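Report on the following structure.
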Amino acid sequence: MGEADETAGAATHCPYCALQCAMFVRPTAVAAGEPAAVPEITGRDFPSNRGGLCKKGWTAAELLVSPERILEPMIREGDGFRAASWPEALDRIADQLREIRAVSGADAVGVFGGGGLTNEKAYQLGKFARLALGTSRIDYNGRFCMASAAAAGNRAFGVDRGLPFPLEHLDDAETILLLGTNVAETMPPFIGHLEGARAAGGLIVVDPRRSATARLTDDGAGIHLQPAPGTDLVLLLGLIHIVIELGLTDRAYLDSRTTGFEKLRRSVSRWWPQRVQEHTGVPVATLRDVARRLASGRAYILTGRGVEQHVDGTDTVTTAINLALVLGLVGTPDSGYGTLTGQGNGQGGREHGQKSDQLPGYRKITDPEARAHVAGVWGVAPESLPGPGVPAVELLASMGREGGIRALLVHGSNVVVSAPDAARVREGLAALELLVVSDFFFSETAALADIVLPVTQWAEEEGTMTSLEGRVLRRRRALAPPPEVRSELWILRELAARLDAPGVYSDDASEVFDELCRASAGGPADYSGLSHELLDSGIAAHWPFPAGSTGTPRLFLDSFAHADGLARIVPVQPRARVAPAQRDGVMTLITGRLLSHYQSGAQTRRVPELLASEPVAQATLHPAAAERFGLVDGDSVEVSNSRGTVRCQVRVSADIRYDTVFMPFHFAGEQSANLLTEAITDPISGMPEFKQTTVQVRAVRAMEDRGAAADSAAVVGAVLEADLVG
Amino acid sequence: MAERVVLVGYGMVGARFVEELLPSVRAGLVQLTVVGAEAAEAYNRVLLAEYAVGATERESLELTDSDEAREAGVRILTGTSVVEVRRSRRTVLLGDGEELPYDRLVLATGARAQVPTLEGIVRVRRDALRPPESAEELDSAGAPLPDGIMVMRDLTDAERLGQSVRAGARIVVLGAGVLGMELALAAVGAGAEVCVVYHDAGPMERNLDRGGAAVLARSARASGVAMVPHARAESIVFHEDEHGVRHFEALVCADGKQIAGDILVVSCGVAARVELAGIAGLPVARGVLVDEELRSWADPDIYAIGDCAHVEPKPEGWGNASSSALPAGGPLGLIGAGWRQAEWLAARIEAELRTSVGSGLVDTPPLPPEHSAVVMLKAEKVDVVAVGNVHVDPWDEPDHAPGCSDAALSVAQWADPANGRYVSMVTRNGVLDAFVCVGMPRTAAELTLLFERGSELPADRSVLLRYDGPDYAVGLGCEEAFAPTSTVCWCNGVTAGQITDAVLAGCDTVARVGRETRAGSGCGGCKGRIGEILERNAPANAPL
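Protein chains in written order, with our numbering: chain F, 1 to 726; chain S, 1001 to 1544.
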């Protein structure tokens, strides 16, 4: 295929989620002088999406010609911005960074990356931080996304590839357990791969909401479990207990492929089914059904953010993995465990060095051999590389604090909306001396910046993305970017030059990729056998793909990635967390995504069709909860706690648990769900708690006209329910 | 020097205490010795009935990693009894004559099965007895139950019962408490012939109201258990074999009824093992009396946890002759409370030892008070969950004293005995005070959560009954699936209404509908339903 012919368009992949649906983008010709027209998108046949796209994909090209697009570098002036030339913007950034570093040390400059950046950008960003800035303070928004699953995968298997098997293997599954993931809305074409399990009656969905995905279990297609928020870990411990109790373990597998089962067996003895029912609200009989079903062959266990975004997210995923291991599912030809990566390049983004503790190839920054190898590729001394930094929440909390960061470079992230305790993040950003944001739009974070750099969008650039199945895909340029818009690769090259950085910084994605491949050689995520040219030949490249190999569609068939080849079964116990009494308006908030929006909504809220279908944040309440507050569908509601207050619309639906309120996190301002979430994190992964927040719910205004009706209803209730003294 | 902690009892609570104290042991703060009477290492007693009937394996009962504790330096003595606590010397004397010094002594001796007075069974008055030197005789105290009569308390009991079940024995269970009912249902599930004999009108009298008990009795009978209510057991009839050994033959009730069987399992509640504390002069009521910090009222170096501990605040001025009345109440008898005590005490001891060099002020959160514990019957097909005082009738007149600030209790009930379902929710200010739920598992699970958290119930209590209704678990009905607002294509968020509009506007194939609305252009899973909408709106079907 080679270089894209710009009038002919290019075969590429969707800019949004990790499913990376294949599509074709073709520029729409317009007469000279006419405004640019929206390029045409068509679905492309591919194993992941089979030609289908969701509405986010179909409308993705609208952002390429959005009137809101930033077309020149912008420098803050008073309350607004003025356009500036690239040399002026870059000189100013370089000067300020140099000065801050000279006064406060290299670690006074922070870098915040994103899981939507191409592999090349993520790699170059990590290199830039370590070499050009000399800072250890780099992390990325994947910390809010994949960190718990990654930590658990590494702990159990010695490597973390989201799906360690090709996606289409799910088609042949008879049982699929989905833990805390609403794929029907977040990556809709994925549900085509659930058809086999549904036909076999084996789709099992665990979610406090009767989500669109949970509804796929209707009519005999499977089972929906609706546990109380924050009880996933206990639920999984109970399933392991039952698997052992019913003698459903795969003993031969446990003996030959794993270590640690004996300790696990004893540790789950205390989670007998009735006790689990008491904690989770899931009946014993349902738990037993699920355990039997999982043991009946060709079964997959898949986790999502619902079970991962907790302060015990790593342990929860570990328990899901333990369940898969006692059943003997992992590393066999037709079963498995996986995590469903969220962001477009959430997989590649966590492999190539924008994580605070990591170097390219999924190497540990504390490992002397890894440092020597990467320093060799970069042409610097290993000692010159900084050590491990701090994870995202801690990095953001340090903004403007004594010993914290004074400047921050943000790439592909909108932290004001996506980070927990968003009001504190906003305060922190305001306390910085320099905030530089690279974006296409004035996202809520860019709007707070000192300098905003306009960057290319997906259809305007070359690169690679690694999808949720660990398959390296080519992103191709279908049209030219606006004249003053630049790729991050170019920006980093220019800044590196101004900072007299050692090493080479190319703005050619193919060259950067070649270097990435060399840097990854020998690491867990080894890309060394790959190149843009090879990928363009159309191969299905699942990593590890060392030089001379043909890649690894299914991992762990012979052994796991630990030195002894065995998977680690790590027993864990839940830490006591007291759920407050749910009365006087106290409820548990969970957050999540909607079909029409993606992440912070910075992109999808700018697509008219998507915004029209889901224009505002809605807090979903059970009808009985709504009744308690005197609310009906469409009313205004206030959801608050000590960190912040959200005002939004109510959606009344019996699909949610009575004790739970759901809010999407795609909206900004007073509709931002992350005003409420707490910046407490998992001790292993640094993942914040997004899925169990105590809030206070109340109606914004008393509905006088309905007041009378509500009163009479209360009287009827009192008549039916005789009162007496205890 | 490390603090010498001696733990007496290595059951579920003792084992948990050891686990929780391991960090202190590893840190060299504590030197821990465990003395357990049973020969086996700690195991999961809760699952004994399942084990007895073969529903679970012996190894599934393993609860703790004793080797890990030993590696950390814990000395674990099993099959060993403590015969005396010598408080003045701060030692305990073991059955084999060894004397162990302690700085702190933790009693986790648990409870033994209570055997009622029945003619034919020797009564033992334990509180005056020095515990036997042989650990095996800890509960029989030299007067073992006659052949064919047993209790269900330990592994040996479970194994004996298992043999009987496998041999097809007729089993008589005396007592219809939660343990007796679990045992009966498990045994009948394993194919045994079982009869439950009990004193009250209904089973689980302590936990259930009339409605709940009636539905449970029906369900148990439907499962094949013979239920014999209103039976006051008085004596035992034996037969003697050729060696002159007496074997159980039948249970005789006050009204002359004789219930014959091969084995009699006595399930009449438990009593704390307190004799060790009693002889050592520690105050004892239903259990060893300890304060909110789990310390004996009389000796700050001795603690009690689990089924042997009776937690009560020590009364002001206790110890004076004038105020020696013993409190009512007693041990809670449920494992959750015991584990919380074990966890708390280990944390407390660690905190005290870590701060003892410093200010001496220990800042650990107090042990939260236990509220009534939820009782759940463990049986495959019979769901019973209950808590609190459920003996409240919805039609009782409120006897509110004027000016009384306590809110009134409200009772909402649902009874459908023919279908084995019964729910009673007793609330105060909309919050559950007690409930019983039979035959409705999902409702029971949700009520448990609401009770445990002290959460407010929906004003319309019937919402909670829907969880077990067919309308809840089953998806959209056929008509509803084609309601205009119902989503057909999830990938593109296209509703049935939008598709119908497209069809009426002339899109006559699935592909054309897709081009117009994007429906079906994602995963394609909805193409069948789009086809159905097309058919419904085909000209032939159009309303005239």
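The C-beta atom is built at its ideal place from N, Cα and C for all residues, glycine as well. Since this is a predicted model, take the numbers as computed values, not measurements.
Who are the Cβ neighbours of residue i in its own chain at under 8 Å, not counting the five residues just before and after it?
{"i": "F/Y598", "result": "Y16, C17, K56, T604 and H666"}
{"i": "F/A496", "result": "F128, L131, A132, G503 and Y505"}
{"i": "F/R298", "result": "D172, A173, E174, T175, D334 and S335"}
{"i": "S/G1524", "result": "none"}
Return the chain-ordered list of same chain residues with a C-beta closer than 7 Å to the C-beta of residue i, the five sequence neighbours on each side being excluded.
{"i": "F/L530", "result": "V472, C517, A541 and F545"}
{"i": "S/A1444", "result": "D1383, V1385 and C1437"}
{"i": "S/A1039", "result": "T1078 and G1079"}
{"i": "F/V719", "result": "Only weak support exists for where F/V719 lies, its pLDDT of 33 falling under 50; the value from the coordinates is given anyway. Around F/V719: no qualifying Cβ."}
So residue i and residue j are supposed to be a Cβ contact under 8 Å. How far apart are they, rounded?
{"i": "F/N795", "j": "F/A60", "result": "Residue numbering for chain F in the displayed model covers 1 to 726; residue 795 of chain F lies beyond these limits and cannot be assessed."}
{"i": "F/A449", "j": "F/G400", "result": "With a Cβ gap of about 15 Å, F/A449 and F/G400 do not count as contacting."}
{"i": "F/R288", "j": "F/P273", "result": "7 Å"}
{"i": "F/H310", "j": "F/D682", "result": "7 Å"}
When the Cα of residue i is compared with those of the options, which residue comes out closest?
{"i": "S/D1301", "options": "S/V1290, S/E1532, S/H1310 and S/G1244", "result": "S/V1290"}
{"i": "F/A480", "options": "F/E460, F/R493, F/E469 and F/I405", "result": "F/E460"}
{"i": "F/E383", "options": "F/D507, F/L489 and F/S136", "result": "F/S136"}
{"i": "S/A1379", "options": "S/S1223, S/L1029 and S/A1412", "result": "S/S1223"}
{"i": "S/G1180", "options": "S/G1148, S/A1220 and S/R1210", "result": "S/A1220"}
{"i": "S/S1455", "options": "S/R1428, S/P1470 and S/M1152", "result": "S/R1428"}
{"i": "S/S1081", "options": "S/L1093, S/S1410, S/R1087 and S/R1089", "result": "S/L1093"}
{"i": "F/G306", "options": "F/G113, F/R275, F/V661 and F/P229", "result": "F/P229"}
{"i": "S/E1057", "options": "S/D1067, S/E1068 and S/R1045", "result": "S/R1045"}
{"i": "S/L1077", "options": "S/R1104, S/G1110, S/I1121 and S/A1015", "result": "S/A1015"}
{"i": "S/V1106", "options": "S/Q1114, S/A1309, S/L1457 and S/E1234", "result": "S/A1309"}
{"i": "F/L246", "options": "F/G404, F/R293, F/G304 and F/R215", "result": "F/R293"}
{"i": "F/L167", "options": "F/A291, F/A150, F/G260 and F/I191", "result": "F/I191"}
{"i": "F/M465", "options": "F/G116, F/A478 and F/E689", "result": "F/G116"}
Report the partner residues of residue i according to the DSSP bridge assignment.
{"i": "F/Q96", "result": "According to DSSP, which records beta bridges pairwise, F/Q96 is partnered with nothing at all."}
{"i": "S/F1435", "result": "S/V1387 and S/M1425"}
{"i": "S/S1134", "result": "BP columns for S/S1134 are empty, so no partner."}
{"i": "S/E1240", "result": "S/R1246"}
{"i": "F/R647", "result": "F/E638"}
{"i": "S/Q1341", "result": "None, per the DSSP bridge assignment."}
{"i": "F/K364", "result": "F/Q358"}
{"i": "S/Q1258", "result": "S/V1252"}
{"i": "S/V1270", "result": "S/A1113"}
{"i": "S/A1195", "result": "In the sequence under discussion, the amino acid at residue 1195 of chain S is Cys, which differs from the Ala named in the question. For S/C1195, which the question treats as bridged, DSSP gives the partners S/V1172 and S/A1226."}
Whose C-beta lies closer than 6 Å to the C-beta of residue i among residues of the same chain, with five residues either side of it excluded?
{"i": "F/M187", "result": "C17 and L19"}
{"i": "S/E1350", "result": "S1024"}
{"i": "F/H373", "result": "none"}
{"i": "S/W1490", "result": "none"}
{"i": "S/R1518", "result": "N1492"}
{"i": "S/Y1010", "result": "V1034, G1036 and A1042"}
{"i": "S/G1475", "result": "Since pLDDT at S/G1475 reaches only 42, below the 50 mark, its modelled position is unreliable, and the value read off the structure follows with that caveat. Hits under 6 Å: none found."}
{"i": "F/M703", "result": "At F/M703 the pLDDT is 45, less than 50, meaning the model places this residue with poor confidence and gives no usable figure here."}
Please decide whether residue i counts as near chain A, where near means a Cβ-Cβ distance under 9 Å.
{"i": "F/P189", "result": "The chain inventory of the structure shown lacks chain A, comprising the protein chains F and S."}
Okay, do the stretch 647-658 of chain F and the stretch 107-124 of chain F touch, 3+ Cβ pairs below 8 Å being the bar? A contact is defined here as three or more CB-CB pairs under 8 Å, and the stretch 647-658 of chain F fails this definition with respect to the stretch 107-124 of chain F.
Between the stretch 1058-1065 of chain S and the stretch 261-278 of chain F, can you find at least three pairs of beta-carbon atoms closer than 8 Å? Taking a cut-off of 8 Å for Cβ pairs, the stretch 261-278 of chain F and the stretch 1058-1065 of chain S touch, as three or more such pairs fall below it.
Measuring CB atoms only, is the stretch 149-164 of chain F touching the stretch 555-567 of chain F, in the sense that at least three cross pairs come out at less than 8 Å? When C-beta atoms of the stretch 149-164 of chain F are compared with those of the stretch 555-567 of chain F, three or more pairs fall below 8 Å, so the two segments count as touching.
Closer than 8 Å is the cut-off here; do at least three beta carbon pairs connect the stretch 352-359 of chain F with the stretch 316-324 of chain F? For the pair of segments examined, the stretch 352-359 of chain F was found not to touch the stretch 316-324 of chain F: the number of CB pairs separated by less than 8 Å stays below three.
Check whether the stretch 205-223 of chain F and the stretch 41-51 of chain F touch, using three or more Cβ-Cβ pairs below 8 Å as the test. At 8 Å Cβ cutoff, the stretches do not touch.
Please determine if the stretch 382-398 of chain F and the stretch 191-200 of chain F are in contact, where contact requires at least 3 C-beta pairs separated by less than 8 Å. At 8 Å Cβ cutoff, the stretches do not touch.
The stretch 1274-1289 of chain S in contact with the stretch 1148-1168 of chain S per 3-pair CB rule at 8 Å: Short answer: they don't touch.
For the 8 Å Cβ check, are there 3 or more pairs between the stretch 569-581 of chain F and the stretch 629-647 of chain F? The answer is no - the stretch 629-647 of chain F does not touch the stretch 569-581 of chain F, with fewer than three Cβ pairs under 8 Å.
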